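Number of protein chains: 2
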Amino acid sequence: MSPSPVIEDTLKTIYHLQQEAGPPVGTSDIADRLDKAQATVTSTLDRLEDQELITREPYQGSELTDKGRTVAVEVLRHHRLLETYLADHLDYPWELVHEEADRLEHHISEEFERRLAETLENPRRDPHGDPIPGEDLEPPNQDPMRPLSACEVGDRVVITRVSDRNEDDLAYLADVGITPGTAVRIVDVAPFGMITLDVDDTEQAIPEGVATSIRVTSLNDVDDSVSVDHRGDA
Amino acid sequence: MSPSPVIEDTLKTIYHLQQEAGPPVGTSDIADRLDKAQATVTSTLDRLEDQELITREPYQGSELTDKGRTVAVEVLRHHRLLETYLADHLDYPWELVHEEADRLEHHISEEFERRLAETLENPRRDPHGDPIPGEDLEPPNQDPMRPLSACEVGDRVVITRVSDRNEDDLAYLADVGITPGTAVRIVDVAPFGMITLDVDDTEQAIPEGVATSIRVTSLNDVDDSVSVDHRGDA
DNA sequence: GCCATAATTTAGCCTGTCCTAATTTAATAC
DNA sequence: GTATTAAATTAGGACAGGCTAAATTATGGC
Ligand SMILES: [Mn+2]
Ligand SMILES: [Mn+2]
Ligand SMILES: [Mn+2]
Ligand SMILES: [Mn+2]
């Protein structure tokens, strides 16, 4: 039996939480992300444990097994290939790809995955700058990243990743040209956290809440998989 | 709530059976097509009736309501747009599009549907020659069609539709060039029903079982929505 | 009209996924 | 150390969707 959407979504959520805070992952954190009742998640975790997709100690939390991690990474690959395809070949606006991919990721075949990857020529990153796992389903390594909110006046950095969660924020960022690969300079950091950037010689102000979900890399340690857009930069 | 895959598949099946034999549609015919136990279908039909998607008389059979028919046609539109897209833009082989579309048809958004239709420039027929319902979700009219198996020696006809059910048959037919739009001439009908055709000046033999699932139109009553391929035809 | 048969429904069961409410456990404060 | 509190599990129930086996109904043959 191939895993159901519920099983896949739960594994994907545990994977993300493990990346953010390390195992073990608490039941209520999973429940919050999935927007489900805690008791619902507990019973799902029971099934995951039966299927040896996670290990678990009562009241302590869960951790993915190798098997569980592979399923999570597979879903992640589907998600990010789909996002990239929707944006590049079906002319989807940036902010709509996440929701569509979140549903379709559970329903495409391996054949479909292969043809997506082939048509896209094995892309390394999705439209938000997130790394796309390879066919081997090895977890992509977390590149060194700083939140934009931690930058100081005068820093010159490259936008590397933007959280794909909030549609409104994404639409705004795309509008002012803040997308992965763009080089920017921090012009000002105001008391309340509002950050002013120089983007293509135009100043753009970003509230702190949005700035924490934007990751940047210093110009001197950009890794080869991030292509840098130098328009408007010196 | 939007209808589940089970609800949509059941409505689609009733729709097809109504086209083939007219209402009311028997429970076991539906069960056969869906490959489910009869009792399973009975309980699904109960839910369909509750939701006013069908009307039903016990022991007599079921019939789609307007509401039910619209849902069925909507799924059919998704299915045929997807098949066309997979074949034209993702380079899917002819015989694999049906299975993939049969799953995805339940999971794409209206946005996705619109972008498919737009990218394909509102196609009228899918790769098997089946008419694609329009945005208005009116049932496509059944064009006059004869099975290839009912043709006689000397007839010149155009292939209009080929059943999308059997992958092996489809692969063979694509291989020998028998696809919708192709003009052929019946060269011979053997005692056991084996039919020999002239396709592009090459003779091809088709067993009767396959021939019954191929629909043709006489050259003089081809309607404008079927494009005729005259290669090799006088 | 009655009987055999086939189609259909009913009965009873299971699993997965959801919920709320009650209980238990772990962690923290004092 | 004990009390408080937050997190997690358990209890109990709903519903969709699946099954087999038993009962029921309709129908065609005679
Ligand atoms: Mn895959
Ligand atoms: Mn993304
Ligand atoms: Mn639609
Ligand atoms: Mn088709």
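Residue numbers (UniProt numbering), protein chains in the order written: chain A, 1 to 234; chain B, 1 to 234.
Quick reminder that beta carbons are idealized off the backbone N, C-alpha and C, glycines included.
In this text, all values refer to a predicted model and were calculated from it rather than measured experimentally.
- Note that the C-beta distance between A:S62 and A:T70 is not below 9 Å.
- Proximity of B:E74 to chain A, defined by a Cβ-Cβ separation below 9 Å, is not satisfied.
- Boundaries of the alpha helix (DSSP H) around B:D175: E167 to V176.
- Shown here, B:T182 sits in a strand according to DSSP, grouped into three states.
- Around A:H16, no beta-carbon contact reaches into chain B at under 7 Å, the shortest distance being about 22 Å.
- With a threshold of 8 Å, the Cβ atom of A:R77 counts as near ligand 1, since some heavy atom of the ligand is closer than that.
- Within chain B, no C-beta atom comes less than 7 Å from the C-beta of A:R215; the nearest is roughly 28 Å away.
- For A:E105 against A:L82, the beta-carbon gap comes to about 6 Å, under 8 Å, which counts as contact.
- Placement of the Cβ of A:E74 at a distance of less than 8 Å from at least one heavy atom of ligand 1 is found.
- Distance from the CA of A:R80 to the CA of B:P123, rounded to the nearest whole angstrom, comes to 29 Å.
- Residues of the region 103-120 of chain A that bring their beta carbon within less than 9 Å of a beta carbon in chain B comprise R103, L104, H106, H107, I108, S109, E111, F112, R115, L116, E118 and T119, in sequence order.
- In the three-state reduction of the DSSP assignment, A:T196 falls in the strand class, which pools E and B.
- In the DSSP assignment, A:Q204 falls within the unbroken beta strand (DSSP E) covering T202 to I206.
- In this structure, B:E110 has its beta carbon less than 8 Å from a heavy atom of ligand 3.
- Here DSSP, grouped into helix, strand and coil, assigns B:D155 to coil.
- Near ligand 2, residues with a Cβ at less than 5 Å from any of the ligand's heavy atoms are A:E83, A:D126, A:H128, A:D130 and A:D164; the list follows chain order.
- Residue contact with chain A for B:Y92: present (Cβ-Cβ distance below 9 Å to some residue of chain A).
- For B:L64, no alpha helix (DSSP H) run applies; the uninterrupted beta strand (DSSP E) run containing it begins and ends at G61 to L64, by DSSP.
- Under a criterion of Cβ atoms nearer than 7 Å, no residue of chain A is adjacent to B:L197; the nearest Cβ is some 31 Å distant.
- Against chain A, the beta carbon of B:L96 has neighbours under 8 Å at E111, listed in chain order.
- Chain B has a Cβ within less than 9 Å of the Cβ of A:H89.
- Taking CB atoms only, A:E100 has a neighbour in chain B less than 9 Å away.
- Taking 9 Å as the cut-off, the beta carbon of B:R165 is found closer than this to the beta carbon of B:H98.
- Remark: the shortest separation between the CB of B:E8 and any heavy atom of ligand 3 does not fall under 8 Å.
- Distances between the C-beta of B:E138 and the heavy atoms of ligand 3 are all 8 Å or more.
- Remark: the C-beta of B:E99 is outside contact range of ligand 1, defined as less than 8 Å to any heavy atom.
- Approximately 5 Å separates the beta-carbon atoms of B:V187 and B:D198; this is inside 8 Å, confirming the contact.
- Beyond the five residues adjoining it in sequence on each side, A:L137 comes within less than 6 Å, by CB distance, of T70, V73 and E74 in the same chain, given in chain order.
- Here B:I14 carries a helix assignment [DSSP, helix/strand/coil].
- For B:S28, there is no enclosing beta strand (DSSP E); the enclosing alpha helix (DSSP H) covers residues T27 to L34.
- Distance from the CA atom of A:S2 to the CA atom of B:L48, rounded to whole angstroms, is 28 Å.
- With distances taken between CA atoms, B:R115 lies nearest to A:L86 out of A:E110, A:L86 and A:S4.
- In this structure, the straight-line span from the alpha carbon of A:P147 to that of A:D201 is close to 22 Å.
- Per the Cβ contact rule, the region 169-178 of chain B is in contact with the region 209-219 of chain B (3 or more Cβ pairs under 8 Å).
- Spatial neighbours of B:G193 in its own chain (CB-CB distance under 6 Å, excluding positions within 5 residues in sequence) are listed in chain order as E208.
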